[in-house]
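Just so you know, we're using the working numbering here: the first sequence kicks off at 1 and counts up by one.
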Amino acid sequence: MNKECIRNILSEGKVSSKIMISGWVRTRRDSKDFSFIEINDGSCLKNLQVIADQDIPGYEENVLQANTGASIEVIGEICESQGKGQKVEIKAKKIKLLGDCPADYPLQKKRHTNEFLRTISHLRPRTNTFGAAFRVRHAASYAIHKFFNDNGFINLHSPIITASDCEGAGQMFRVTALDIENLPKKEGKVDFSKDFFGEETSLTVSGQLEAEIFATAFSKVYTFGPTFRAENSNTTRHLAEFWMIEPEMAFCDLSGNMDVAEKFIKYVIDYVLTNCAEDMDFFNKWYEKGIIQKLQSIRKAKFARITYKEAIEALEKSGKDFEYPVSWGIDLQTEHERYLTEEYAKKPVFVTNYPKEIKAFYMRLDEGEETVSAMDLLVPRLGEIIGGSQREEREDVLRQRIIDNDLSEKDYAWYLELRKYGSVPHAGFGLGFERLIMYLTGVSNIRDVIPFPRTPGNARI
RNA sequence: UCCCUGGUAGCUCAACGGUAGAGCGGGUGGCUGUUAACCACUAGGUUAUUGGUUCGAAUCCAGUCCAGGGAGCCA
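Right under this line is the structure:
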């Protein structure tokens, strides 16, 4: 007797072979002499139909108690289905009710709003939407590791607790073992020298600086891990805890950086379209009509590449009445980004060489010293999905940038030493994993593509 | 954090100053190789919360809490 998952039975199950399956009841329909039970085990979107004749042992206590949500184990034989809607079904010899499901089970045999499902995050993985979303999430995660592995990258587990307030990017969550009811003070301030690490520590906002360290030894590395921002952001695109992918490449410039980013996005799209066809059909039907076709065309398209200067000119010539006026030096707003990718380029577009004032200190200063070698990848609907740059590899220039940005030279001593000893041109980028999943699935709220979203006021389960 | 919208049965919504309703779900019974089956009956509500206006408030006004959409910050 083979224990099989439903996906394998539906894709390669041989008629008349005997099998055992287990899963959760999605719906049951009773006839006079037998019942239809549809079960799902999470291995795929589709349910498997089980025929339970009333003369199988324990029909009353097992089958007739197997309500929506109950877990059951079925032993039976694969048969060709007499009905429409499925090729094969299971003719049960034995059905065991493992866990019954009382009438107050919140998931009904109908569509629920994602807002309601967010209130039952312990049960929502059992729905079609979340089943599909998390199978795609898994596939994308695997594809990312495979892409980097196959391209000679080393996976770096960058630290989650950090003492460096790197790049000053956003509010950080403090990590402390101090008794917050009774904080040690020194000259009126909290004395962090008494804390676990002997200094102030936080949850990481980026693994980039650590990735740079490893890139100057392994040439090509990437991180793929959780990052944290304590910003009070309440949007469909922000989380306090999210997963970020950050490749870092030595001997690489801005153009090479974009090449990798483009190849990477296309690889993940290709992998998900090939390996999650059924789930993608679901999103194509219910979440974003035409998304499969859109992804297929993006996979083949050459991404546009324009400089910040060209972007500003395009925005000025657009004839659009933007809420935020356009001029050289402004940071691009959501409305500007969407115009550039949705109307101007009509496909993913890299915008490069931003004014140094609106970008981070570590980005490489361009000739003329007005702009830096930064790049953002903008995509329709979401806006920025990737942000990256060629890093400043010249020690003296970097030191001056640290000073100009009122950062502490002492804190970045180790960072400067990477430039002192065997410095190389290097570049990298960061990509929010959940935003990538939104882009792939058409799901419009980031809270619905992460298992347990952390947002302001919300960390339970 | 700011702006807008909303909170009515387990879920999705209606009623928009005058006795709170429907569909789905639940329960009971029936029927059927059914497809989120179908038919009949039935039980579910201090209308988020606090205060105000009014003869009378789910409905109008104000505060609070929560949610959704947009913006900012960003990935």
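Beta carbons are placed, not taken as given, at the ideal position from N, Cα and C, and that holds for glycine.
Please report the distance separating the alpha-carbon of Asn353 from that of Ser423.
22 Å
Counting beta carbon pairs with one atom in the stretch 331-348 and one in the stretch 380-398, are three or more of them shorter than 8 Å?
yes
Trp328 - DSSP class collapsed to helix/strand/coil:
coil
With respect to the beta strand (DSSP E) encompassing Thr201, which residues constitute its N-terminal and C-terminal limits?
Thr201 to Leu203
Just the Cα atoms here: how many angstroms apart are Ile9 and Val50?
12 Å
Determine the closest residue to Glu73 out of Thr119, Glu80, Asp104 and Ile37, with distance taken between C-alpha atoms.
Ile37
Which stretch, first to last residue, makes up the beta strand (DSSP E) that contains Tyr354?
Val349 to Pro355
To the nearest whole angstrom, what separates the beta carbons of Gly430 and Met244, a pair I think is in contact under 8 Å?
6 Å
Compare the C-alpha of His145 against each of Ala133, Pro102 and Val221 and name the closest.
Val221
Check whether the Cβ atoms of Glu212 and Glu248 lie closer than 8 Å to each other.
yes
For the alpha helix (DSSP H) holding Ala143, just list the boundary residues, first then last.
Asn128 to Asp150
I'd like to know if the stretch 82-102 and the stretch 57-73 are in contact, where contact means that at least 3 CB-CB pairs between them fall below 8 Å.
yes
Applying the criterion that 16 or more other CB atoms from any shown protein chain within 10 Å of the CB defines a buried residue, is Gln293 buried or exposed?
exposed
Give the list of continuous alpha helix (DSSP H) stretches no shorter than 4 residues that lie fully inside the stretch 389-430.
395-404 and 413-420
Quick one: using the 10 Å Cβ neighbour count with 16 as the cut-off for buried, is Thr441 buried or exposed?
buried
So, under 8 Å CB-CB, His497 and Ile461 are touching, yes? Tell me the CB distance rounded to an integer number of Å.
Any answer about residue 497 is impossible in this case: the structure gives the chain only from 1 up to 461.
With three or more C-beta pairs closer than 8 Å as the rule, is the stretch 71-89 touching the stretch 12-29?
yes
With H, G and I counted as helix, E and B as strand and the rest as coil, what does DSSP make of Glu278?
helix
For Thr455, list the residues DSSP reports as bridge partners.
Asn458
Grab me the residues of Lys266's own chain with a C-beta within less than 8 Å of its C-beta, minus the 5 sequence neighbours each way, in chain order.
Ile298 and Arg299
Give every residue of the same chain whose Cβ lies closer than 7 Å to the Cβ of Gln86, excluding the five residues on either side of it in the sequence, and list them in chain order.
Gln49
Could you spell out the range, first to last residue, of the beta strand (DSSP E) harbouring Lys91?
Val88 to Gly99
Please name the residue or residues paired with Met375 in a DSSP beta bridge.
Thr352 and Gly388
For Gln82, three-class secondary structure by DSSP:
coil
Please state whether DSSP places Phe224 in a helix, a strand or coil.
strand
Report the CB separation of Phe242 from Gly432 in whole angstroms; it is logged as a contact under 8 Å.
6 Å
By alpha-carbon positions, which one of Glu313, Ile269 and Glu357 ends up nearest to Tyr142?
Ile269
Candidates Lys94, Lys93, Lys96 and Phe130: closest to Arg111 by CA position:
Phe130
Less than 8 Å between the CB atoms is what I'm expecting for Arg229 and Val205, so what's the real figure, rounded?
6 Å
So Ser114 is in the alpha helix (DSSP H); what residue range does that whole segment cover?
The question names Ser, but residue 114 in the sequence shown is Asn. Segment Asn114 to Arg118, the alpha helix (DSSP H) holding Asn114.
Helix, strand or coil for Pro57? Go by DSSP, reduced to three states.
coil
Please list the terminal residues of the continuous alpha helix (DSSP H) segment that includes Ser11.
Ile6 to Glu12
Leaving out the 5 sequence neighbours to the left and right, which residues in its chain are closer than 7 Å to Glu262 when beta-carbon positions are compared?
Phe303
Sub-8 Å separation of His426 and Arg394 beta-carbons
no
In or out: Gly457 buried (at least 16 other Cβ within 10 Å) or exposed?
exposed
Which residue or residues does DSSP assign as beta-bridge partners of Arg435?
Beta-bridge pairing links Arg435 to no other residue.
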